[in-house]
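Peer 1: Residue numbers (my numbering), protein chains in the order written: chain A, 1 to 509; chain B, 1001 to 1084. In this text, a Cβ means the ideal position worked out from N, Cα and C, and glycines have one as well.
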Amino acid sequence: MFVDMHVGALTEPLTGRRWEPPEIQRQLLRRLALYRHQGMRAGDRVLFLYGNRLEFFVDLLAVWSLGGCAIPIDIRLTPFEIETLARAARPQFALAVEAIDEALVSRLAALGVKLLEATESALPAEEASSLSGRHPSLDRDALILFTSGTTGQPKGVVHTHRSLRARWVTLRQHLGLKAYRRTLCLLPTHFGHGLICNCLYPWLWGQELFILPPFRADLVMQLGALLDEFEITFMSSVPALWRLALKTARPPRAGTLERVFCGSAPLSAHLWERIQEWTGTRNVFNAYGITETGSWVAGTTMPEFAPADGLIGEPWGALVKILKSRSTDEPPWAVPGCAPNEPGYVWLNTPALMRGYWERDDLTRQVVSQGWFMTGDIGLIDDRGWLYLRGREREEINKGGMKIYPGDIDAVVERFTATIDVCCFGYDDPLYGQNVGLAVVLSDSRRETLRRLYYWLKQHLADHQMPVRWYLLEAIPRTSRGKINRAQVADMCARLKPVDVHHLFSEKQ
Amino acid sequence: MNRAAHKAKLIQFLQTIRRPDRPLDITDEHQGLITSGLIDSLAVLEIVGYLEQEYGIDFSERGIDPGQLNSIAHILDLIERETR
């Protein structure tokens, strides 16, 4: 149906809704008629204000069929953050399937964004005549995934149809399709991992996709039953979800699972083995992916392996180099490579590499050199050619698989009137893997000021971005070059007692 | 330990994981913990950890119905069943 790929059926296990390919075709043609009538044209950018529903995937095909570029966003973001993204992306349209916050509607309208509600009643009865001749150009922008900067300067990864197609074709070559025929997705559709690989890879190749709302603990607790009821053969997820499932969900009994991926955060050998035991299959693979490379780019699909800390495995449609430098000033081939088992910076070369960051050539130049992508990860390749990760230099907090950028939180705290200096950081958390810490210097530390800071953060940050541990400091330590070292601040704060944020609110005003 | 004592301990624990600006209504045992916004959905795992640690309840083999953790009353019922 779409660019020579034939989509599979879509099912929402939670609601019981299911669209077979003929219904998907009908929905697609009706959407094409509506969006064309509303003026959507090739080159338009379209904000998706929803995700993880049947309609999302059909809307994606409709936008692509019209030559548009889709921008799925995290619907948990505050109106302030969504407006920040919209200002950066300048979309012509926004799509929603249910009522959205009035304040957000006004903000988008002020930016000239036309809101379209593709509800059943809004869709025209008549369909567009056909899809023929409407395949988008391969080099047209297809997808922008914002990975950070929701409060300041957004960083959006731009993929073209060519780079996405390259990912799906290489995955098919390396992974095949058999194990993916009934794929479950519990990841959000604004994630590269969730959207490009967990969902679109199997679905666009005709496999059935079962889509659940993301980050719902109650659904994870029923994971074993869901896998059995829907005879799921494949799912991908993140370590934090597995920690929850292993504690609260009974194992599947039907034995349908053939392959399981885990990614987006380091997977320990211990957790890996427990997932194997729970799922009843040894085919639990660590999948390594980065949004910039179209997500999954390597994993443990070798015939024989034992779970090991940091083991990634073999590349899927990519060349991997371990170099002694992370600088993009010199071409990668001019930089000395590391010997086997010697750690260095992980660089990737793949046809699925992003076109660049949306209108941020400065950022693109920092990570791309001559078609090679500097991942920011530290790793090594052993004598067998297997990739291992040994650390990450990327500035991000991985809270249960949700990527949080400390700079985004800094930007909000900095704008608070009483802030003198700030540094957010990640700290180890037994539940989420990492959580958000805040070190702040305030002009006054009265309870009322702290309460105002809390409400300020609530107004501007999504729940999962909210700092959990707060530290009031007299000064933020800096390096001799005047820079903040987040790890150093985190170490210092670990020796201090955090502010009792609950206490701020427990004493009645 | 009676239900009142279990409740007192549970409330003490919930006070540490609730959202700071959301007060816990200790008079309403049926207040939905997630639906009222008191805790976020992933924090249910912290309740599971609490039940494991305090009462030795292990859900890993049989799983758990999320409805059993959605209010103080339901959690207390669960504790009573498991510690009987």
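#1: Is it true that the stretch 428-441 of chain A meets the stretch 171-182 of chain A, where meeting means three or more beta-carbon pairs spaced less than 8 Å apart?
#2: Can you give the beta carbon distance from Q27(A) to V58(A), rounded, assuming they're within the 8 Å contact cut?
#3: Tell me which residue opens and which closes the beta strand (DSSP E) that V297(A) is part of.
#4: Please list, in chain order, the residues of the stretch 485-508 of chain A that have any C-beta partner in chain D closer than 7 Å.
#5: In the stretch 1038-1050 of chain B, which residues sit with their C-beta less than 7 Å from some C-beta in chain A, listed in chain order?
#6: I believe L95(A) touches L116(A) by the beta-carbon criterion, under 8 Å. Please report the beta-carbon distance rounded to the nearest angstrom.
#7: What runs of the alpha helix (DSSP H), each 4 residues or longer, lie entirely inside the stretch 378-415 of chain A?
#8: Return the first residue and the last residue of the alpha helix (DSSP H) that E83(A) is part of.
#9: Cβ atoms of R165(A) and L138(A): under 8 Å apart, would you say?
#10: Using a Cβ-Cβ cut-off of less than 9 Å, give me the residues of the stretch 188-218 of chain A that come near chain B, in sequence order.
#11: Please list, in chain order, the chain B residues whose beta carbon lies closer than 8 Å to that of T293(A).
#12: What are the uninterrupted segments assigned as alpha helix (DSSP H) that are 4 or more residues long and contained completely in the stretch 185-243 of chain A, given in chain order?
#13: Please list the partners that T417(A) has in chain B, where partner means a Cβ-to-Cβ separation under 7 Å.
#14: With a threshold of 8 Å between beta carbons, is T248(A) in contact with chain B?
#15: Run through DSSP, which three-state label would C493(A) get?
#16: Would you mind telling me which residues of chain A sit closer than 8 Å to D1021(B), beta carbon to beta carbon, in chain order?
#17: Ignore the nearest five residues each way along the sequence and tell me which others in I512(A)'s own chain have a CB closer than 7 Å to its CB.
#18: Which value, in whole angstroms, describes the spacing of the CA atoms of F416(A) and A88(A)?
#19: To the nearest angstrom, how far is it from the Cα of K497(A) to the Cα of S445(A)?
#20: Looking only at its chain, what residues have a beta carbon closer than 8 Å to the beta carbon of M1(A), apart from the 5 residues adjacent to it on each side?
#21: My understanding is that S148(A) touches Y405(A), with C-beta atoms under 8 Å, so please give their C-beta distance in whole angstroms.
#22: Using 8 Å as the cut-off, can you tell me whether the stretch 182-194 of chain A makes contact with the stretch 227-234 of chain A, which would need three or more C-beta pairs spanning the two stretches below that distance?
#23: How would you label R561(A), buried or exposed, when you count the other beta carbons within 10 angstroms and need 16 or more for buried?
#24: Counting only Cβ pairs nearer than 8 Å, list the residues of chain B close to G43(A).
#25: Would a C-beta distance cut-off of 8 Å place G211(A) and E12(A) closer than the cut-off?
#26: For H159(A), report the span of its alpha helix (DSSP H) as first-last.
#27: Could you tell me whether any Cβ in chain B is nearer than 8 Å to the Cβ of M1(A)?
Peer 2: Here's the rundown:
#1: No, the stretch 428-441 of chain A is not in contact with the stretch 171-182 of chain A.
#2: By one-based count along the first sequence, residue 27(A) stands at place 27. By one-based count along the first sequence, residue 58(A) stands at place 58. Right, their Cβ atoms sit about 5 Å apart.
#3: Residue mapping note: residue 297(A) aligns to position 297 of the first sequence, counting from 1. Its beta strand (DSSP E) spans residues 295-299.
#4: Judged by its chain identifiers, the structure shown contains no chain D, and its protein chains are A and B.
#5: Cβ contacts with chain A: D1040, S1041, L1042, V1044, L1045, E1046, V1048.
#6: Taking the first residue of the first sequence as 1, we reach residue 95(A) at position 95. Taking the first residue of the first sequence as 1, we reach residue 116(A) at position 116. 5 Å between Cβ atoms; contact.
#7: 406-414
#8: Looking up residue 83(A) in the first sequence gives position 83. Element bounds for E83(A): 79-89.
#9: If you number the first sequence from 1, residue 138(A) lands on position 138. If you number the first sequence from 1, residue 165(A) lands on position 165. For L138(A) and R165(A), yes; Cβs fall inside 8 Å.
#10: F215, R216, A217, D218
#11: Numbered from 1 along the first sequence, position 293 holds the residue referred to as residue 293(A). In chain order: nothing, as chain B lies at least about 28 Å away.
#12: 201-204, 217-220, 223-229
#13: The count along the first sequence starts at 1 and reaches residue 417(A) at position 417. Against chain B, the beta carbon of T417(A) has no neighbour under 7 Å; the closest one sits roughly 19 Å away.
#14: As a position in the first sequence, residue 248(A) is number 248, starting the count at 1. Yes - at least one Cβ of chain B is within 8 Å of the one on T248(A).
#15: Within the first sequence, numbered from 1, the residue matching residue 493(A) stands at position 493. Three-state DSSP puts C493(A) in a helix.
#16: As a position in the second sequence, residue 1021(B) is number 21, starting the count at 1. By Cβ distance, chain A contributes Y454, Y455, K458, F505.
#17: In this structure chain A extends from 1 to 509, so residue 512(A) is not present and cannot be described.
#18: In the first sequence, counting from the first residue as 1, residue 416(A) sits at position 416. In the first sequence, counting from the first residue as 1, residue 88(A) sits at position 88. Each residue's Cα considered, the two are about 22 Å apart.
#19: For this step, residue 497(A) is matched to residue 497 along the first sequence. For this step, residue 445(A) is matched to residue 445 along the first sequence. Their backbone Cα atoms lie some 15 Å apart in a straight line.
#20: Translated into positions along the first sequence, residue 1(A) becomes position 1. Confidence in M1(A) is poor, its pLDDT being 46 and thus under 50, which makes the residue's placement too unreliable to answer from.
#21: For this step, residue 148(A) is matched to residue 148 along the first sequence. For this step, residue 405(A) is matched to residue 405 along the first sequence. Contact flag correct, Cβ pair sits at about 4 Å.
#22: yes
#23: Nothing can be reported for residue 561(A), as the shown portion of chain A is limited to 1 through 509.
#24: By one-based count along the first sequence, residue 43(A) stands at place 43. Simply none; closest approach about 39 Å.
#25: Counting from one through the first sequence, the residue named residue 211(A) turns up at place 211. Counting from one through the first sequence, the residue named residue 12(A) turns up at place 12. Per the sequence presented here, residue 211(A) reads as Ile, with Gly not at that position. Closer than 8 Å, so yes.
#26: The sequence position of residue 159(A) within the first sequence is 159, counting from 1. In the DSSP assignment, H159(A) falls outside any alpha helix (DSSP H) and within the unbroken beta strand (DSSP E) covering 155-160.
#27: Locating residue 1(A) in the first sequence gives position 1, where the first residue counts as 1. Note that M1(A) has pLDDT 46, beneath the 50 cutoff, so the model's placement of it is unreliable and the number below is only indicative. Taking Cβ atoms only, chain B never reaches closer than 8 Å to M1(A), which makes this a no.
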